[in-house]
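Numbering (the numbering used here), first residue to last: 2 to 176. We put the beta carbon where it would ideally sit given N, CA and C, even for glycine. Here the structure is a predicted model, which means the values were calculated and not measured. Just below is one structure, and these are the notes that go with it.
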């Protein structure tokens, strides 16, 4: 009976831990969508495909091949998001991420990267946020997060580019 009880407790704790990890990941994904990070990297993918199309222009790669290759975008964005979740996890608690999401849900948070659109009230909200514990973590971890994001960007974009080159090569196209 003790073994069954122990097993049930272990499974319950494991399930709760997984749910918390999943909630953290989902909240970070919401955060990086709200702050424009995902949109930026979607543009990076689009630019990479434009560059590849130019590099392979002499090969006359059919449009349907490019369409097929571009189907990797959602999966690639998911992989990137998971990498970014890891970077956030190293710097921020789940509550910090929730606080960021709460900020991004406000007018001040939505306009924070457009200084000309900020009202005096928005500026006060942002100042108070950056004086909070979460805001101070953002400021103090900025160099480390920038380095992490740079590493992630290089690794992710390089892997994606190599993958596309390999797929084109498999289809008989070379630079």
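Backbone secondary structure at residue i - three-state DSSP
i           : result
residue 77  : helix
residue 165 : helix
residue 130 : helix
residue 174 : coil
residue 120 : coil
residue 135 : helix
residue 146 : helix
residue 115 : coil
residue 109 : helix
Supposed contact pair residue j and residue i - C-beta distance, whole angstroms, cut 8 Å
i           : j           : result
residue 84  : residue 153 : 5 Å
residue 88  : residue 149 : 4 Å
residue 113 : residue 127 : 6 Å
residue 36  : residue 105 : 6 Å
residue 102 : residue 23  : About 16 Å separates the two Cβ atoms, so there is no contact after all.
residue 42  : residue 78  : 7 Å
residue 138 : residue 66  : 46 Å between Cβ atoms; not a contact.
Alpha-carbon spacing of residue i relative to residue j, whole angstroms
i           : j           : result
residue 125 : residue 133 : 12 Å
residue 160 : residue 80  : 11 Å
residue 91  : residue 162 : 27 Å
residue 31  : residue 109 : 17 Å
residue 142 : residue 60  : 46 Å
residue 64  : residue 170 : 16 Å
residue 56  : residue 26  : 36 Å
residue 73  : residue 121 : 43 Å
residue 97  : residue 157 : 25 Å
residue 100 : residue 38  : 17 Å
residue 44  : residue 51  : 10 Å
residue 93  : residue 47  : 30 Å
residue 123 : residue 54  : 43 Å
residue 119 : residue 168 : 46 Å
residue 144 : residue 175 : 39 Å
residue 129 : residue 75  : 36 Å
residue 34  : residue 136 : 19 Å
residue 165 : residue 107 : 39 Å
residue 151 : residue 71  : 24 Å
residue 111 : residue 62  : 41 Å
residue 69  : residue 58  : 17 Å
residue 49  : residue 95  : 33 Å
residue 1   : residue 140 : Residue 1 is absent from the model: the chain starts at 2 and stops at 176.
Exercise. Just list the beta strand (DSSP E) runs in the region 16–103, keeping only unbroken ones of 3 residues or longer that don't cross its boundaries, in chain order.
Key: none
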